[in-house]
Amino acid sequence: MSNNYQLRKPLLQAGTVLAVFCIFILFVNGAHPTSFIEAVAAVFIGIFKTFLFILGLSIGLAITIALLMAVFFAAVSMYSPELASNLYGSLKKSLLRNLDQFSEYVSCDKNAAPTTKIETAELERMDTFLNKANSENSSLKNSLSALKTQLLESSEEISSLKSALEVSGEEKTAITEELDTFKAQVEGLEKDLAAAKEKITALTAEKNDLAAKSKELESTLTELQKTVTELEDAVDKSPEAGIFSYIESEEDKDAFISAIDEAIAQEMTYAQIDEHLSFELEAELDAIIKAHPSLTKNYIRNKRRKE
């Protein structure tokens, strides 16, 4: 490897000299000089123009790349400022690392001994890096195995949670169905309660009407009782004022009283007394008595009460 490195640099130098010589020939051939001085001047002018071209091209490329990077980072920052900052830091570190490598490459000595020292140091650094990487790799493997174990445990816990959730889902469905049934029962009870309230309201109204009617009937009955009492008092005071007001002849009155007394003595009923009067009395007197049965019954009742 050291021999290849020692041969590479002279070959590059030779190639560079040939390329420069060819470029000089192109400069001279393009200027069409007529003398040696013009040829030398054409070479210097070509070198100057080439330097200006390379300088302008470098500046243009740098400005263009800077503008493109600025537009790129602006677009990324609009989406995520943190991501744009990370990208900028990575680009900066990469550029600095490349510049360091370029400076190390340029500052390399021509002798092979220092090169061997650099390579030995680089190899030691690489060995250290590889050992460190191996240790980190083993630690990562251990971490991965621990993570796999944790993932297996987590998967088991997740499966148990899923089964528990499925059971709870079935219980939830059953509870929901029971709640729906209970809601339907409550709605039915509410409807029944509303209907009962309506019936109670209607019955209360009917009760109030009946109470008012009963009060009216009580007052009417009271008045009727008063009237009946008055009539009974009047009949008691004047028992003969009823039916006898329609009988004009004293003989007819006596015949009527005699027939009634005979019937009461025999304990006849009202129907039997009616037939007995029809048999005992004259037809005209019997017609008068039949025309006023209530007065006849009042007279008979008063007679029985007195006896």
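Numbering (this note's numbering), first residue to last: 426 to 732. Beta carbons are placed, not taken as given, at the ideal position from N, Cα and C, and that holds for glycine.
query	result
Under the three-state DSSP convention, the category Gly667 falls into	coil
Pairwise C-alpha distance: Thr475 and Glu443	Per the sequence shown, residue 443 should be read as Leu rather than Glu. About 17 Å.
Local Cβ density within 10 Å of Ile490, reported as buried at 16 or more and exposed below that	exposed
Status (buried if at least 16 other CB within 10 Å, exposed otherwise) for Leu521	exposed
Outcome for Leu702 when other beta-carbon atoms lying within 10 angstroms are tallied against a minimum of 16	buried
Residues of its chain near Glu705, where Cβ-Cβ distance is below 6 Å and the 5 sequence neighbours each way are ignored	Ala684
Alpha-carbon spacing of Gln526 relative to Ser519, whole angstroms	11 Å
Buried versus exposed call for Gly667 [16 or more other C-beta atoms within 10 Å across all chains shown]	buried
Leu710 classed as buried or exposed, judged by whether at least 16 other C-beta atoms fall within 10 angstroms	buried
Reference Cys447; option with closest CA among Leu432, Ile472, Ile689, Ile462	Ile472
Span of the alpha helix (DSSP H), counted from its first residue to its last, around Ile470	461-504
Three-state secondary structure (DSSP) of Thr694	coil
The region 685-692 contacting the region 716-732, beta-carbon criterion three pairs below 8 Å	yes
Continuous beta strand (DSSP E) assignments of at least 3 residues falling wholly in the region 559-636	none
Stretch-stretch touch, CB-based, cutoff 8 Å, three pairs: the region 713-721 with the region 670-681	yes
Separation of Ser568 from Ala558, as counted between CA atoms	15 Å
Beta-carbon gap between Val501 and Leu516 smaller than 9 Å	no
Endpoints, the alpha helix (DSSP H) within which Glu709 is located	708-716
Secondary structure of Ser515, DSSP reduced to three states	helix
Status (buried if at least 16 other CB within 10 Å, exposed otherwise) for Ile698	buried
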